[in-house]
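Chain order of the listed sequences is A and B.
Okay, so the first sequence: first residue is 0 according to numbering that gives the first Met the number 0, each after it adds one.
Okay, so the second sequence: first residue is 0 according to numbering that gives the first Met the number 0, each after it adds one.
Structure, as structure tokens:
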Amino acid sequence: MTPVLSVLVHNKPGVLNRITALFMRKGFNIQSLTVCITENPEISRMTIVMSDMDEAALEQVMKQLHKQIDVLKVTDLTDQAMVARDLALIRVSSPIAERAIIHSLIEPFRANVVDVGRETVTVQVTGDAEKIDALIALLRPYGIRELARTGLTALQREAASSADPKRAGEAQVLHI
Amino acid sequence: MPGMSKPADDETLTRSGEGGAMWMKGADMVVEALRREQVEVIFGYPGGAVLPLYDALYQCGIRHVLTRHEQGAIHAAEGYARVTGKPGVVIATSGPGATNLVTGLADAMMDSIPLVAITGQVAKTVIGTDAFQETSIIGISTPITKHNYQIRHASEIPKVFKEAFHIANSGRKGPVLIDIPKDVSGEEAWFAYDDPPQLPGYQPTVVPHHMQIRKLMHGLQHAKRPVVLAGAGILHARATDKLLAFVEKYQLPVVQTLLGLGGFPASHALCLGMGGMHGSAAANKALYETDFLINLGARFDDRLTGKLEHFAPHAVVAHIDIDPAEIGKNVPTDIPVVGDVGEALAMMLSIDVPAPDAAAWREELLRVKRELPFWWVQDGDRIKPQRLIAEIARITKGDAVVTTDVGQHQMWAAQFFPLNRPDRWVTSGGLGTMGFGLPAAIGAHFGRPDKLVVAILGDAGFQMTLQELAVIGEYQLPIKVVIVNNSALGMVRQWQEMFHGERYSESLLPWQPDFVKLGEAYRIPSARVERDEELASALEAFLSEPGPGLLECVVDPNENVYPMVAPGTGIHQMVGVKP
Ligand SMILES: Cc1ncc(C[n+]2csc(CCOP(=O)(O)OP(=O)(O)O)c2C)c(N)n1
Ligand SMILES: [Mg+2]
């Protein structure tokens with residue numbers, strides 16, 4: 000299981016250090032961590048994707064996070080209906096003659112070209128991790144020069160809206 | 000006090016603003032905050048970054064004890080906190096002063112000791128420039144404090160101090176560090192201290208859930224082999240009376256942790272003593288065979304449990320702890336109860352269930368307790384360290400405050416000094432910090448000046464912080480320093496004897512300083528005793544003399560601590576349960 004945690008923290012200097020120091024001290028490994036301010040400027044949201052772990056270990060992670068005085072709320076999104084997005088910028092080799100191929104490859108991913116040069120184009124794609132992995136795999140044969148990913152950020156879905164069939168359908172589409 | 004402006008120049012320091020607020024300088028605010036927290040004594044050491052603070056402390060009415068090393072100051076603060084239940088306060092300067100606190104912070108974190116540590120910092124204007132004596136003590140101390148703060152403006156001082164004392168001494172207690180840049184001391188702002196702390200991210204659960212308590216009591220009545228494990232939580236919660244009432248009501252055998260000693264009277268018939276690596280045969284039998292274990296404020300430390308798969312393998316485990324993160328961390332728990340053990344015990348006492356049918360089990364444990372007590376063999380005229388401890392207990396009638404260092408002598412003290420009351424036992428458990436015992440004794444004295452303090456120290460650990468003899472000498476404190484001299488890093492030597500083929504790599508101390516002269520150099524009456532037949536009279540003279548004293552006890556260097564659960568084995572696999 001790769002758990003996804005959403006953690007609300009005070010937006011204060013040093014809080015990120017407290018969380019990473021905690022992970023180091025307890026030997027917890029993380030796959031990605033994003034931090035951003037929320038609608039309330041005094042509060043930040045951290046979205047943490049943990050490495051594979053069993054339930055007992057996850058419970059310990061959550062309890063330890065809770066013990067931090069600057070942590071306001073810890074939510075385990077792993078088995079929850081959530082909207083989870085990662086953004087990647089992929090600079091791929093693309094001689095002008097081959098550009099149409101790139102465009103046709105990225106189109107079903109609703110990815111965009113955000114920078115164009117003589118040798119390369121830079122593609123921006125958003126989605127869950129699997130979708131981005133899939134696009135990277137597709138582009139790799141053309142030569143990926145540089146890659147930057149934000150890591151996952153996520154919100155729990157509003158409970159009522161997950162019952163809405165239209166929204167649920169959309170969710171499936173987005174999980175290509 | 001945002002929205003309140005600075006008063007006119009001619010107004011005095013003590014002039015009140017809104018809601019009794021006072022306009023003050025940062026350094027004076029620190030002193031005022033300490034006063035409001037009813038701090039009686041500060042342990043500390045000055046330096047450049049705390050000069051303004053020490054200027055404010057000068058003749059301020061709060062006692063300050065100048066130790067001879069910051070590590071001494073923080074262990075003294077720990078000793079004070081241990082015997083009073085109040086937060087210990089320590090001050091150090093920036094850089095080396097702050098880094099000298101590190102061991103004490105880690106020690107207090109491990110053993111849940113409430114401390115407020117104040118460090119000086121270089122001025123805000125030069126933070127980050129590698130200024131003289133700059134160090135990032137916030138970065139260094141984050142993993143070894145419950146929380147820490149760096150103050151950015153004097154106006155934050157009241158809020159931060161209020162929060163720091165609250166955090167240190169509530170929930171699972173622990174050390175809180177406050178780092179104060181030098182220029183903050185000179186800034187002026189409004190000081191108001193009456194608002195309660197606002198900590199939405201810190202709301203410890205004190206009162207347990209009654210459903211869990213019901214479950215526990217329901218389980219208890221059906222138990223055949225119930226046991227209470229009493230940890231330091233009993234002492235932190237000041238719940239010794241409630242524990243006694245509960246244990247007597249249901250006639251439950253009690254096992255104690257090293258740090259829980261004194262939480263239940265050692266002289267009580269139902270007391271099986273300490274469990275774990277050097278615990279009693281009866282205590283470990285109880286932990287192994289129990290079918291219903293009630294853990295009251297212990298954290299199932301590995302020195303207690305031994306190999307986890309053999310710890311209470313047949314038991315339903317109920318664990319009451321103020322820190323939810325401890326529940327289920329090491330031992331799978333069937334009945335988790337989050338809350339203060341005192342509150343929990345009060346609720347447990349208010350529910351009447353039939354007492355478990357456990358007479359046979361009790362008899363069996365009490366028989367083992369009778370037949371397999373802690374032991375030693377008196378051969379020849381060498382002083383046996385075990386007897387040394389037993390004699391100190393006899394002469395002081397068990398009423399002294401005992402501090403220890405770390406090693407064999409610590410285990411013998413735990414085994415042979417029966418503790419019948421709380422707040423008399425000061426030892427470094429989780430971190431196992433050599434050098435703790437002597438400065439902790441100084442702090443314990445300031446916490447309980449009415450009591451005789453006996454510091455039981457190893458010859459090696461004593462030498463790690465012996466400079467604090469100066470404090471004992473200077474104030475002629477009634478602290479009795481007992482050096483258990485086995486000319487060895489005894490505990491290391493024991494492990495090398497047992498597990499490393501008797502290769503005594505760097506653990507023997509054939510060369511020793513003259514401990515008696517050392518004591519005398521600090522103007523402490525000092526003596527040496529080497530022969531068993533002289534032990535009792537030497538101890539009696541030493542302990543009855545008013546004022547300080549140092550007694551070097553040359554003990555049999557070959558003694559080992561038994562019984563023992565070897566590392567990696569289960570608590571049912573003890574060696575050395577009898578001679
Ligand atoms: C600061 C520190 N360093 C090293 C150790 C490892 N250690 C544990 S017990 C011990 C020997 C202690 O010797 P002594 O103080 O003479 O006590 P004894 O075991 O001989 O009673 C050592 C080195 C420690 N606990 N603390
Ligand atoms: Mg020794």
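Ideal Cβ positions, reconstructed from N, Cα and C, are used throughout, including at glycine.
According to DSSP, is residue i helix, strand or coil?
i: Thr119 of chain A; result: strand
i: His444 of chain B; result: helix
i: Pro12 of chain A; result: coil
i: Met563 of chain B; result: strand
i: Ser43 of chain A; result: strand
i: Pro545 of chain B; result: coil
i: Thr66 of chain B; result: coil
i: Ala158 of chain A; result: coil
i: Ile156 of chain B; result: helix
i: Glu533 of chain B; result: helix
i: Gly296 of chain B; result: coil
Sort the options by Cα distance to residue i and report the nearest one.
i: Ile47 of chain A; options: A:Gln30, A:Ala80 and A:Val70; result: A:Gln30
i: Gly19 of chain B; options: B:Pro225, B:Asp194 and B:Glu558; result: B:Asp194
i: Thr289 of chain B; options: B:Asp378, B:Gly397, B:Leu219 and B:Pro174; result: B:Leu219
i: Leu517 of chain B; options: B:Tyr192, B:Ala526 and B:Ala191; result: B:Ala526
i: Asp132 of chain A; options: A:Met52, A:Leu86 and A:Gln67; result: A:Leu86
i: Arg302 of chain B; options: B:Lys248, B:Met410 and B:Thr403; result: B:Met410
i: Val38 of chain B; options: B:Gly173, B:Lys284, B:Ala116 and B:Ala358; result: B:Ala116
i: Val528 of chain B; options: B:Arg381, B:Val470 and B:Met573; result: B:Arg381
i: Pro45 of chain B; options: B:Gln132, B:Trp22 and B:Ser111; result: B:Gln132
i: Met23 of chain A; options: A:Ala147, A:Val60, A:Pro107 and A:Val113; result: A:Val60
i: Pro2 of chain A; options: A:Ile42, A:Pro107, A:Lys130 and A:Val73; result: A:Val73
i: Gly274 of chain B; options: B:Phe373, B:Ser184 and B:Val340; result: B:Phe373
i: Gly460 of chain B; options: B:Ile482, B:Ala358 and B:Val316; result: B:Ile482
i: Asp300 of chain B; options: B:Leu456, B:Leu344, B:Gln377 and B:Gln255; result: B:Gln255
i: Lys145 of chain B; options: A:Pro12, A:Asn10 and A:Arg17; result: A:Arg17
i: Pro558 of chain B; options: B:Asp378, B:Gly173 and B:Leu251; result: The residue you asked about is not Pro; residue 558 of chain B is Glu in the sequence shown. Of B:Asp378, B:Gly173 and B:Leu251, the residue nearest in Cα terms is B:Asp378.
i: Ala317 of chain B; options: B:Gly327, B:His217, B:Ile293 and B:Lys306; result: B:Ile293
i: Leu104 of chain A; options: A:Glu118, A:Gly116, A:Lys130 and A:Gln79; result: A:Lys130
i: Ala105 of chain B; options: B:Phe435, B:Glu247, B:Phe160 and B:Ile166; result: B:Phe435
i: Thr402 of chain B; options: B:Arg81, B:Ile321 and B:Gln58; result: B:Arg81
i: Val183 of chain B; options: B:Pro199, B:Lys241, B:Gly25 and B:Leu251; result: B:Gly25
i: Leu348 of chain B; options: B:Ile321, B:Gly406, B:Ala238 and B:Asp333; result: B:Ala238
i: Ser43 of chain A; options: A:Pro12, A:Ala56 and A:Asn28; result: A:Pro12
i: Arg369 of chain B; options: B:Asp398, B:Ala354, B:Pro438 and B:Leu271; result: B:Leu271
i: Leu364 of chain B; options: B:Lys223, B:Lys396, B:Glu496 and B:Ser135; result: B:Lys223
If contacts are defined as beta-carbon pairs under 8 angstroms, then residue i and residue j qualify, I think. What distance do you get, rounded to the angstrom?
i: Glu342 of chain B; j: Val206 of chain B; result: 5 angstroms
i: Ile41 of chain B; j: Ile61 of chain B; result: 6 angstroms
i: Arg144 of chain A; j: Val82 of chain A; result: No, Arg144 of chain A and Val82 of chain A are not in contact; Cβ-Cβ is about 31 angstroms, not under 8 angstroms.
i: Ile137 of chain B; j: Leu100 of chain B; result: About 13 angstroms separates the two Cβ atoms, so there is no contact after all.
i: Asn168 of chain B; j: Pro203 of chain B; result: Their Cβ separation, rounded to whole angstroms, is 11 angstroms, which puts Asn168 of chain B and Pro203 of chain B out of contact at 8 angstroms.
i: Asp178 of chain B; j: Ile150 of chain B; result: 7 angstroms
i: Gln462 of chain B; j: His277 of chain B; result: Not quite, the Cβ-Cβ distance comes to about 24 angstroms (not below 8 angstroms), so this is no contact.
i: Pro562 of chain B; j: Ser486 of chain B; result: So it is not a contact: roughly 24 angstroms between Cβ atoms.
i: Thr590 of chain B; j: His68 of chain B; result: The structure shown does not extend to residue 590 of chain B, since chain B is modelled only from 0 to 578, so the question has no answer here.
Are there any heavy atoms of ligand 2 lying less than 7 angstroms away from the beta-carbon of residue i, as far as the coordinates show?
i: Asn283 of chain B; result: no
i: Asp458 of chain B; result: yes
i: Leu488 of chain B; result: yes
i: Asn485 of chain B; result: yes
i: Gly431 of chain B; result: no
Give a single yes or no on whether residue i has its beta carbon closer than 7 angstroms to a heavy atom of ligand 1.
i: Gly569 of chain B; result: no
i: Gly434 of chain B; result: yes
i: His408 of chain B; result: yes
i: Asp404 of chain B; result: yes
i: Val491 of chain B; result: yes
* To do: Give, in chain order, every unbroken run of the alpha helix (DSSP H) that is at least 4 residues long and sits entirely within the stretch 352-393 of chain B.
  => 358-370
* To do: May I have a chain-ordered list of the beta strand (DSSP E) segments no shorter than 3 residues that lie completely inside the stretch 59-103 of chain A?
  => 70-75 and 81-92
* Going along the chain, which unbroken runs of the beta strand (DSSP E) with 3 or more residues stay wholly within the stretch 464-527 of chain B? -> 478-484
* Pick out the complete alpha helix (DSSP H) segments inside the stretch 154-217 of chain B, 4 residues or longer, and give them in chain order. => 156-167
* Can you list, in chain order, the stretches of the alpha helix (DSSP H) that have 4 or more residues and sit fully within the stretch 241-276 of chain B? -> none
* Asked: Which ranges does the beta strand (DSSP E) cover as unbroken runs of at least 3 residues, wholly within the stretch 40-108 of chain B, from first to last along the chain?
  -> 40-43, 62-65 and 87-91
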